[in-house]
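Participant: Take this structure first; my questions come after.
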Amino acid sequence: MYLREVHAEHDLDVLRTFIRENPLGIFTTAIEAGNHPFLQSSHVPFILDISDDASDTELGVLRGHMARANPQSKAMMDSLDEIGHIWSRPVHHYVTPQFYKETKPSTAKVVPTWNYAAVQVYGKATVYYQSDPATSSYLASQVDDLTNLGETKLMGYEKPWKVSDAPARYVELLSKGIIGEMPLGDREGVIAGFGAMASETSTKLSEMVKHRGELADAKKAKLQS
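Throughout the sequence shown, residue numbering follows this note's numbering, covering 18 to 242 in sequence.
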């Protein structure tokens with residue numbers, strides 16, 4: 018990641034906070050693994066573990082999980098070298114030279130740019146995918162911790178939903194990579210839930226889920242006709 022030094026942030030506390038406030042990022046691997054694509058990326062939310070938040074040197078450990086059916090997961094099971102992950106803030110925008118009220122009138126030596134904030138991390142990964150106690154323990158703690166982050170820190174619920182609220186057998190099947198389609202009632206609940214939050218971001222998410230659902234319904238109706 019190229020950065021001019023004037024824009025670079027080196028304070029680990031600031032970087033940790035950024036990751037925790039924006040857990041979803043783009044996870045990238047470059048793996049020579051048989052029939053799998055060499056370069057692959059997936060959107061993955063991560064939990065950041067730090068043993069001492071007061072430390073100004075500890076980098077910590079990132080924990081995430083992916084669907085077993087994801088081709089990137091399959092490539093990682095075969096071979097794994099270094100990985101990269103990028104987090105970005107949802108707010109970013111083009112910056113017009115018209116905003117430069119000092120330099121533009123005096124010298125006209127201005128060009129447009131783009132304002133954004135991002136964190137990049139590179140490192141080695143440990144992949145848990147075998148049917149053994151270590152994998153089961155990792156997945157259980159990972160899903161619990163990520164759910165707690167979303168319910169308490171991101172949603173602010175006083176009575177957060179817990180993984181243990183779902184049937185144990187259902188959670189077990191999901192952990193093995195079984196996925197399903199969201200029923201209409203749940204989709205409408207997501208649309209209404211985001212809409213009720215009444216922020217610019219939640220309103221856009223509500224509209225996006227509604228639009229994607231309408232497209233999926235239209236495609237299904239066409240296939241059935």
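Ideal Cβ placement from N, Cα and C applies to all residues, glycine included.
Quick check on I196: buried or exposed, where buried means 16 or more other Cβ atoms within 10 Å of its Cβ?
Facilitator: The residue labelled residue 196 in the question sits at position 179 within the sequence shown. Caution is warranted here: a pLDDT of 49 is assigned to I196, below 50, making its placement in the model unreliable, and the coordinate value is therefore given only provisionally. Classification for I196: exposed.
Participant: Which stretch, first to last residue, makes up the alpha helix (DSSP H) that contains L166?
Facilitator: In the sequence shown, counting from the first residue as 1, residue 166 sits at position 149. Element bounds for L166: n/a, residue is neither H nor E.
Participant: Suppose the cutoff is 8 Å on Cβ atoms and the five residues either side in sequence are ignored; what does the same chain contact list for H60 look like?
Facilitator: Here residue 60 refers to the residue found at position 43 when the sequence shown is read from its first residue. Counting only Cβ-Cβ distances below 8 Å, and skipping sequence neighbours, we find L41, G42, I43, F44.
Participant: Cutting at 7 Å between CB atoms, please list the residues of its own chain near L171, excluding the five before and the five after it.
Facilitator: The count along the sequence shown starts at 1 and reaches residue 171 at position 154. If we look at L171 and ignore the five residues flanking it on each side, it has no Cβ neighbours.
Participant: Does the beta-carbon of W104 have 16 or more other beta-carbons within 10 angstroms, so that it is buried, or is it exposed?
Facilitator: Taking the first residue of the sequence shown as position 1, residue 104 is located at position 87. It counts as buried.
Participant: Can you tell me where the alpha helix (DSSP H) with E49 in it begins and where it stops?
Facilitator: As a working note, residue 49 is residue 32 in the sequence shown. From DSSP, E49 is part of no alpha helix (DSSP H); its letter is neither H nor E.
Participant: Pull the bridge partners of H110 from the DSSP assignment, please.
Facilitator: Position 93 of the sequence shown holds residue 110. Answer is N132.
Participant: Pick from A238, K239, G212, K236: whose alpha carbon is nearest that of V226?
Facilitator: Taking the sequence shown and counting its residues from 1, one reaches residue 226 at position 209. Nearest of A238, K239, G212, K236 to V226, Cα basis: G212.
Participant: Are the beta-carbon atoms belonging to L222 and P62 less than 9 Å from one another?
Facilitator: In the sequence shown, counting from the first residue as 1, residue 222 sits at position 205. In the sequence shown, counting from the first residue as 1, residue 62 sits at position 45. No, the pair does not count as a contact, with Cβ atoms beyond the cut-off.
Participant: Can you list, in chain order, the residues of its chain with a C-beta nearer than 6 Å to that of G230? Leave out the 5 residues immediately preceding and following it.
Facilitator: As a first step, residue 230 must be located in the sequence shown, where it is residue number 213. Counting only Cβ-Cβ distances below 6 Å, and skipping sequence neighbours, we find R204.
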